[in-house]
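Going left to right, the sequence shown walks through residues 117 to 422 as the working numbering numbers them.
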Amino acid sequence: MKKSHIRIVTLGALAAFAFAFSFLLPAAQEKPKLKFFISVDMEGISGIVHGDQTTPGTAEYAAGRKWMAQDVNAAVEGALEAGATEVVVNDSHGSMRNIDPDDLHPRAILISGSPKPLSMMQGIDASFAACLLIGYHAKAGTEDAILDHTISSSVVRAVRVNGAELPELGLNAAIAGYYGVPVVLVSGDTAVCRQAGEILGKDVVTVAVKEAYGRLAAKLVPMGEARRMIKAGVKDALTKLGRAKPFKIAPPYNFELGYHVSAQADMAAMLTEVKRVDARTVAFTADDFILGFRKLRALIALAPAR
Ligand SMILES: [Zn+2]
């Protein structure tokens, strides 16, 4: 009798202590933050094989933007199952107003509209644990790749950084790497998945949702299966996060921009810090990758139409 009374008193004291302690250290009660960043382009989305499906004002665009939301929602679900406390989705195609906010997963935060200083990577910073690239496409000039291009089909023939030609996934992975964030998954066609492996290494998870026959046709993974693969791939990539390394390119940076026509390079070469490499190619250097990327974007956006 006496012994159990002591036990009750002891338990009561412990409970009172824990209660008081919870007020002293509120942060210890909170779930640690686990933030994931998703950049979503459109050409590599499940079902998409033609520019009509990615261009506002066409009959097929409504379907394209819905497919885009469904691929990204599958990625959001995978991220939440992997323990995400916050998922930020940056709409990264064209006007960057493709995803109808009503169609996005209710737990995800949308970044919508353009232009944005970091473009397809706007919103990323060092607080994110990982980055996912959904609906991406191969670089300009890739064979058997749906809607292959680099940033702008009408302006850019190639972008090189320190001699290596990069697709958008490489430039954007380097932006993530600048903030110490690894890109752990890329989805799109088989061609962009191959390029992701070549640039980011064997640990990046790739999800191929289609295999191209040329630039405007592909064999599609059935839509439900493609979304299931994206969700499973994201969950897999985020649960083995410890192995992932940020993609970093050593400074200084030599950016080389190959235009389609010489008139575009004529205009870029007006700037004193821009060097003319050949009729269609210009180059410039930067010590900071973000500043170099911003200059690259401006030289692309301000180029005259060919
Ligand atoms: Zn795009």
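Note that CB positions come from ideal geometry on N, CA and C, so glycine has one too.
Exercise. Do H166 and ligand 1 come close, with the Cβ less than 7 Å from some heavy atom?
Worked result: No, the Cβ of H166 stays beyond 7 Å of every heavy atom of ligand 1.
Problem set entry | Inter-stretch contact (C-beta, 8 Å, three-pair minimum) for the segment 382-401 and the segment 347-364 | Counting Cβ pairs under 8 Å, fewer than three are found: no touch.
For this session: Compute the beta-carbon to beta-carbon distance between D305 and G160, rounded to the nearest angstrom, for a pair I have assumed lies under 8 Å.
Result: That pair is a contact at about 6 Å.
For this session: With a floor of 4 residues, list each alpha helix (DSSP H) that falls wholly inside the segment 308-370, ordered by position along the chain.
Result: Runs of the alpha helix (DSSP H) inside the segment 308-370: 339-355.
Problem set entry | Outcome for W183 when other beta-carbon atoms lying within 10 angstroms are tallied against a minimum of 16 | By the 10 Å Cβ count, W183 comes out buried.
For this session: Pull up the DSSP beta-bridge partners for D394, would you.
Result: Under DSSP, D394 shares a beta bridge with T397.
Exercise. Taking the alpha helix (DSSP H) that R273 falls in, what are its first and last residues?
Worked result: It is not in any alpha helix (DSSP H) - R273 instead sits in the beta strand (DSSP E) that spans V272 to V277.
Exercise. Do A307 and A254 come within 8 Å of each other at the CB atom, strictly closer than that value?
Worked result: A307 is positioned such that its CB atom lies closer than 8 Å to that of A254.
Problem set entry | Rounded C-alpha distance that separates F405 from K411 | For F405 and K411, the gap between their C-alpha atoms comes out near 10 Å.
Exercise. Count the other CB atoms within 10 Å of the CB of D403; is the residue buried (16 or more) or exposed (fewer)?
Worked result: Exposed, since its Cβ has fewer than 16 Cβ neighbours within 10 Å.
Exercise. Cα separation between L407 and G340?
Worked result: Using only the alpha carbons, I get a separation of about 41 Å.
For this session: Would you tell me roughly how many angstroms separate the C-alpha atoms of G374 and D219, rounded to the nearest one?
Result: The straight-line gap from Cα to Cα measures roughly 38 Å.
For this session: State the DSSP-derived secondary structure class of A246, mapped to helix, strand or coil.
Result: Under the three-state reduction of DSSP output, A246 falls in the strand class.
Problem set entry | Nearest-angstrom beta carbon gap, D207 and S303 [assumed within contact, 8 Å] | Approximately 15 Å separates the beta-carbon atoms of S303 and D207; this is outside 8 Å, ruling out the contact.
For this session: Please work out which residues of its chain come closer than 8 Å, Cβ to Cβ, to Y177, disregarding the five sequence neighbours upstream and downstream, and give them in chain order.
Result: D168, Q169, T170 and T171.
Exercise. Which residues count as close to ligand 1 when the rule is a CB under 7 Å from any of its heavy atoms, in chain order?
Worked result: That gives D157, M158, E159, T170, S208, H209, G210 and H253.
Problem set entry | CB contact flag (A245, F363, <8 Å) | Their beta carbons are not under 8 Å apart, which means A245 does not touch F363 by this criterion.
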